[in-house]
Amino acid sequence: MHQVLIMPRFARLTIALGLATAVFPVDAEYYFNPRFLSNDLAESVDLSAFTKGREAPPGTYRVDIYLNDEFMTSRDITFIADDNNAELIPCLSTDLLVSLGIKK
């Protein structure tokens with residue numbers, strides 16, 4: 001009878017410790033201090049785009065194109081920002097897609 005009372009208490013302690021040490025996701029944003037790049041506040045650089053997950057500004061970049069994990073070609077591809085300015089979207093021409101074997 002004594003052991004029956006110990007098990008529930010031990011189980012409750014185990015659950016309590018498990019919940020106390022659980023890691024819960026936190027919604028936080030990164031802040032990059034532009035003063036690390038320049039001491040002059042007038043020449044401060046806007047780094048806000050990098051806090052949204054985007055790793056590069058919109059523009060044209062030389063990229064390697066893979067199709068089904070197979071290297072196809074290297075091309076200059078223009079990337080534009082999406083409506084939320086959070087991600088880059090590649091601008092792929094119909095001619096490029098056809099040359100890669102992708103059907104219309």
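Each step along the sequence shown adds one to the number in the UniProt record's numbering, with nothing skipped, and position 75 is 75.
From the three backbone atoms N, C-alpha and C, an ideal C-beta is built for every residue, glycine too.
Predicted model only: the values in this text are computed from it and were never measured.
- According to the DSSP secondary-structure assignment, residue 70 is paired through a beta bridge with 67.
- DSSP places residue 34 in the helix class (H, G or I) of the three-state scheme.
- Spatial neighbours of residue 91 in its own chain (CB-CB distance under 8 Å, excluding positions within 5 residues in sequence) are listed in chain order as 77, 78, 79 and 80.
- Residue 59 carries a strand assignment under DSSP once its states are collapsed to helix, strand and coil.
- Note on residue 67: under 16 other CB atoms within 10 angstroms of its CB, so exposed under the neighbour-count rule.
- Judged by DSSP secondary structure, residue 88 falls outside any alpha helix (DSSP H) and instead within the beta strand (DSSP E) spanning 88 to 91.
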